[in-house]
Amino acid sequence: MRSRRRFLAIAAAAAAAGLRPSLARGDTSAAAAPEAGPLLTRPIPASGEMLPVIGMGTSGSFDRPADERDALREVLRRFLAAGARVIDTAPVYGEAEAAVGVLVAEAGAREKVFLATKISITGREAGLAQFQRSLADLRTDAVDLLQVHSLRDWQTQLPLIRALKAEGKTRYVGVTHSSNGAHDDLAAVIESERPDFLQVNYSVAEPAAQDRLLPLARDLGVAVIVNRAFLDGALFKRVDGKALPPWAADFGIGSWAQLFLKFALSHPAVTVVIPATGKPDRQSDNLEAGVGPMLPPAQCAELVQIFA
Ligand SMILES: NC(=O)c1ccc[n+]([C@@H]2O[C@H](COP(=O)([O-])OP(=O)(O)OC[C@H]3O[C@@H](n4cnc5c(N)ncnc54)[C@H](OP(=O)(O)O)[C@@H]3O)[C@@H](O)[C@H]2O)c1
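First residue of the sequence shown: 28, per my numbering; consecutive thereafter.
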């Protein structure tokens with residue numbers, strides 16, 4: 028009875044602070060599914076396979092040695108408990124691939140997750156050797172998506188990735204970049220090569236992809252993964268102490284993180300967004316963006332006007 032009273036008191040304080048009770052009490056055993064229901068899913072155009080719209084990145088956040096991974100274990104637990112699947116990593120993210128490999132194996136979750144990694148090197152032999160190391164670090168025989176990292180040596184690596192797909196070493200082929208200056212090159216490559224996936228930067232502060240690249244991906248039937256939805260965290264400094272727009276609650280949005288993620292997901296070409304965090308409560312926050320209504324064009328335009 029006392030614990031129920033304590034829970035109700037915490038819940039009331041949390042509601043006043045705009046937090047979910049589970050987040051407010053820092054309860055690591057709390058269920059991680061978004062409050063409003065299961066995560067939305069969207070199809071990969073090439074196959075029709077459905078993916079939950081919130082995934083996660085691992086650059087920086089998962090670059091932790093073996094004795095510093097307790098928080099990451101909980102970040103992954105909440106991710107899986109919410110039904111999320113897409114994990115994006117790369118062989119050049121320090122310890123991130125190894126951390127993902129160990130933690131996914133430990134959770135017995137290899138069949139549940141959609142593992143995306145990259146080839147980030149020049150030359151075919153070097154690309155193959157790098158991918159073999161990735162498979163070992165990720166503790167798997169095959170990945171779900173293999174991408175050319177930032178278009179590096181794409182004329183060599185894309186044919187290699189296609190060959191690896193034919194061998195069953197990856198289910199999908201992709202290309203990535205994260206700077207506006209590369210959008211023309213990305214557009215040319217997706218038009219001529221028709222990969223299964225495009226990964227690109229898209230946020231309230233860097234909305235350029237919406238002009239041409241995202242509509243092109245949609246027309247070509249290329250799935251889109253959005254990176255840098257928080258501008259690598261820089262967006263949070265810009266909203267420090269600022270209230271959310273008054274209409275945010277109408278879309279089930281309870282934090283700036285959810286607003287930034289929902290902006291990315293509101294473009295009809297976008298399949299999944301991959302925010303990166305090493306903090307469990309931020310993971311729970313981010314997962315909440317994967318439910319409820321999307322933002323109409325007027326709200327998206329207002330955000331671009333404020334941040335871009
Ligand atoms: N060329 C490429 O292929 C390329 C380039 C860039 C990124 N990517 C991929 O895209 C992923 C995402 O991009 P990113 O890592 O550059 O940046 P991001 O997701 O835009 O931002 C990550 C930053 O936001 C903070 N954060 C996360 N959730 C938060 C929350 N709810 N509230 C407040 N702060 C929060 C994180 O800090 P904490 O960790 O301290 O929470 C981290 O500093 C990468 O991890 C990577 O997988 C690919």
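Note that CB positions come from ideal geometry on N, CA and C, so glycine has one too.
Which listed residue (the options) has its alpha carbon closest to that of residue i
i, options, result
"ILE188", "ALA143, LEU165, ALA232 and SER205", "ALA143"
"ILE301", "SER219, ILE114, ALA93 and LEU258", "ILE114"
"ALA24", "ALA235, SER219, TRP274 and LEU99", "What is shown of the chain runs 28 to 335, which leaves residue 24 out entirely."
"LYS196", "LEU130, ARG239 and ALA169", "ALA169"
"SER161", "ARG151, LYS145 and HIS176", "LYS145"
"PRO61", "THR203, ILE81, GLU76 and PRO70", "ILE81"
"PRO118", "ASP94, GLN157 and LEU330", "GLN157"
"ALA108", "VAL131, ASN207, LEU330 and GLU218", "VAL131"
"VAL129", "ALA250, ASP223 and ARG166", "ARG166"
"ILE98", "PHE334, ARG309 and ASP223", "First, the residue type needs correcting, since residue 98 is Ala and not Ile in the sequence shown. The shortest C-alpha separation from ALA98 is found at ARG309."
"GLY260", "ILE71, PHE141 and GLY84", "GLY84"
"LEU185", "ASP211, ARG221 and SER205", "ARG221"
"THR116", "THR68, LYS264, GLN226 and ALA335", "GLN226"
"ALA111", "THR68, GLU76 and GLY75", "THR68"
"ALA335", "ASN207, GLU76, ALA193 and ALA136", "ASN207"
Pairwise C-alpha distance: residue j and residue i
i, j, result
"GLN326", "LEU292", "13 Å"
"ASP180", "THR149", "5 Å"
"ARG100", "ALA153", "31 Å"
"ASP171", "GLU138", "10 Å"
"VAL122", "LEU262", "Correcting the residue identity first, residue 122 is Glu in this sequence and not Val. Whole-angstrom Cα-Cα distance: 26 Å."
"VAL127", "PRO323", "35 Å"
"GLY281", "ARG151", "47 Å"
"GLY248", "ASP94", "43 Å"
"THR55", "ARG96", "Bear in mind that a pLDDT of 38 at THR55, under 50, signals an unreliable position, so the number given afterwards is only what the model happens to contain. Rounded to the nearest angstrom, the two C-alpha atoms are 15 Å apart."
"ALA73", "GLY268", "43 Å"
"MET28", "GLY64", "Caution applies to MET28, whose pLDDT of 30 falls short of 50 and renders its modelled position unreliable; the model cannot decide the point."
"PRO92", "THR183", "32 Å"
"ASP211", "SER205", "12 Å"
"ILE333", "LYS264", "14 Å"
"ARG239", "ALA328", "16 Å"
"GLU218", "GLU76", "22 Å"
"VAL102", "GLN159", "26 Å"
"LEU286", "ALA136", "29 Å"
Nearest-angstrom beta carbon gap, residue j and residue i [assumed within contact, 8 Å]
i, j, result
"LEU314", "ARG105", "7 Å"
"LEU66", "GLY317", "4 Å"
"ALA284", "ASP312", "5 Å"
"PHE224", "ILE252", "6 Å"
"ALA250", "ILE71", "5 Å"
Test item: CB-CB of residue i and residue j under 8 Å
i, j, result
"ARG198", "ASN228", "no"
"LEU191", "LEU178", "no"
"ALA134", "ASP164", "no"
"PHE278", "PRO307", "no"
"GLN237", "HIS176", "no"
"LEU78", "THR298", "yes"
"LEU330", "VAL231", "yes"
"VAL216", "VAL200", "no"
"ALA303", "SER86", "yes"
"TYR120", "PHE89", "yes"
"LEU258", "GLU233", "yes"
Are there three or more Cβ pairs, one per stretch, closer than 8 Å when the segment 269 to 278 is compared with the segment 237 to 245? no
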